[in-house]
Each structure stands twice: as structure tokens, then as C-alpha cells.
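Notes follow the structure.
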Amino acid sequence: MEDRPTGGFSFDLCKRNEYLEGKGYKPVKAMKTGTTIAGIIFKDGVVLGADTRATEDTIVADKNCEKIHYIAPNIYCCGAGTAADTEQVTAMVSSQLELHRLATGRKSRVVTSLTMLKSHLFKYQGHVSAALVLGGVDITGPGLFTVYPHGSTDKLPFVTMGSGSLAAMAVFESGFKDDMTEEEAKTLVAAAISAGVFNDLGSGSNIDLCVITADKVQMIRPYETPNQRKFRRVSGYDFPRGTTPFLKEKIASLRKEITVVEGIPEAMVVS
């Protein structure tokens, strides 16, 4: 009879990792991510905002990355974390909601998309790096939620996520009020994202906004461009050969020589 496994934690992998490190193996470290995303509820709907900088650790990979993702005609979602995870998770839920609308003939509800997102993220226990700000307007009115990578959620009148979230939250806490107008909400969200842009190295470039009301959705991209490049080299960059060292060189011909031999035309056989 086989012994049943005992309960509790297993530290076998810790011993393995310690052995490998003793042999000189260096474990792979996760890259740092950076983003500032935010959302706010105003009198007639929801305003979502995001910066546009995509980073690879300490490298700026994309200066104009789109971080506000489509979920449904009345629901949008801002994503922070790993760009591939945020795009794929939101696209998957968007597809499922489209099938649900076709099957029921009803508009999607914000809480439905929230349940789909947090169920998927909880299943992977945080290994899908997607921190989301979900907002939309449905039959119950405007709704605004945060979804953490482990699947936990918050419902608040103003929310922030990402590495610049503390700077953005400071702006919200000092400037938020009930029953704000659309213009007041847009100005406050832009100020919150701008605080993340100028106080967090992982956030930067432009500010995108998405205004969702009961009758329309307005995507403003960009809403502000506070970090425009002032200096541009007129002549471009010209590096002499040998600036970057290389180990070997191989030149392959992309065109193969083909010899065409003219033959004697043959009579066509007709049967």
C-alpha cells in the first residue's frame, strides 16, 4: 500500500535551488514593469486614463503603446503588468462577451466581464501578470473596478493601478468630488496620469483617455502629449563600419543563378 502524501509545505525545490546556486547557476530574474492607469466615476459615466510607455526593465520599448483595451461596446479596460498578458486576457474576455451578446440579445454588464476576468486570473494564481482597471456603463449605471493579478477586486469611485499608482492616487484624493462633470473628470484623470508620468520612471510619453457614457464611447488618443521630444538630429545617425564588434561574417547570395536552355518545340499530341 502506497504511503499517502503528508500535508503542509514542501521545501524540496528550495534545496534544489540552493544546490544549483552553489554550482554557479544564476536564476532568471523577472523584468520590472511600469505603468500608470486610472479611472473615475462622474455624473454621467466613467473616464479611464493611461500613459503610453511600454518598458523592458530599464529600456523604453514603445513610446506610444495603447493600454486601454476594448471589452464590449459599453465596457473598456486599462491594463498594467506584462503587455502580452493584458492584451490576451482582455481579448479573450471580449470574445466570450461577444458570444454571450449574440446568444442572449442583451448588452454586456460590467460585473459579467469582472467575473470572467477575476476567475481567469485567480485560476493562474498571479502568474498571469495583468493588473486591470475595468470601467463601463450598463443598465445598473456606471461601474468601476480594479482587478489584481491574483484575482482580487475592488469597487470604488476612483481607482489607480501600476507603478505610478501612488502618485495618481494622491491627485485623486485631493481633487475628487461627487457628481463631477465630464470635463472636470477628464481634467482630473489627466492630472493623475500626468503625476505618474513625471514621478515614475516606468510611466511616460502621452496620456490617453476613454470617456464612457450611456449613449456613446469617446476614445481620446492622445489627450495630452506632455513629453514631446524637443531635440531631433537633422542629419540622422551615421556609425562607421566597425563601431559594433562582430565575431564572424558570412555573405550569402539571395539569388541563385539559373541557366535557361532553349529546346526544340515538339508537336502537340492530339488523341
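Residues in the sequence shown are numbered consecutively from 45, following my numbering.
C-beta: ideal position from N, C-alpha, C; glycine also.
query	result
Which whole-angstrom value describes the C-beta separation of L158 and L188, a residue pair presumed to lie in contact below a C-beta threshold of 8 Å?	The pair is not a contact, with the Cβ atoms about 10 Å apart (cut-off 8 Å).
Using 10 angstroms around the beta-carbon of Y120, count the other beta-carbons present and answer buried if the total reaches 16, otherwise exposed.	buried
Who are the Cβ neighbours of L165 in its own chain at under 8 Å, not counting the five residues just before and after it?	V133, V172, A174, V191, Y192, P193, H194, G195
Below 8 Å on the Cβ atoms is my contact criterion, and I expect G68 with S247 to pass it. Report the Cβ-Cβ distance as a whole number of Å.	The pair is not a contact, with the Cβ atoms about 37 Å apart (cut-off 8 Å).
Here's the rule: buried if 16 or more other CB atoms are within 10 angstroms of the residue's CB, otherwise exposed. What is D95?	buried
Below 8 Å, how does it come out for the stretch 207-227 and the stretch 140-152: are there three or more Cβ pairs, yes or no?	no
For M136, which residues from the same chain have a beta carbon less than 8 Å from its beta carbon, with the 5 sequence-adjacent residues on both sides left out?	H164
Going along the chain, which residues of its own chain have a beta-carbon closer than 8 Å to the beta-carbon of K162, five neighbours each way excluded?	V191, G195, S196, T197
Any beta carbon from chain B within less than 8 Å of Y281's own beta carbon?	Going by chain labels, chain B is absent from the structure shown, which holds only one protein chain.
Between the stretch 84-94 and the stretch 217-237, do at least 3 Cβ pairs fall closer than 8 Å?	yes
Expressed to the nearest angstrom, what Euclidean distance is found between the alpha-carbon atoms of Q140 and S152?	10 Å
Around the Cβ of P284, are there at least 16 other Cβ atoms within 10 angstroms (buried) or fewer (exposed)?	exposed
Beta carbon of M205, beta carbon of I81: below 8 Å?	yes
Relative to the C-alpha of K221, which candidate in L200, G208, Y281, L57 has its C-alpha closest?	L200
Beta-carbon within less than 6 Å of A236's beta-carbon, same chain only, minus the 5 sequence neighbours each way: which residues are those?	A82, A212, V215, F216
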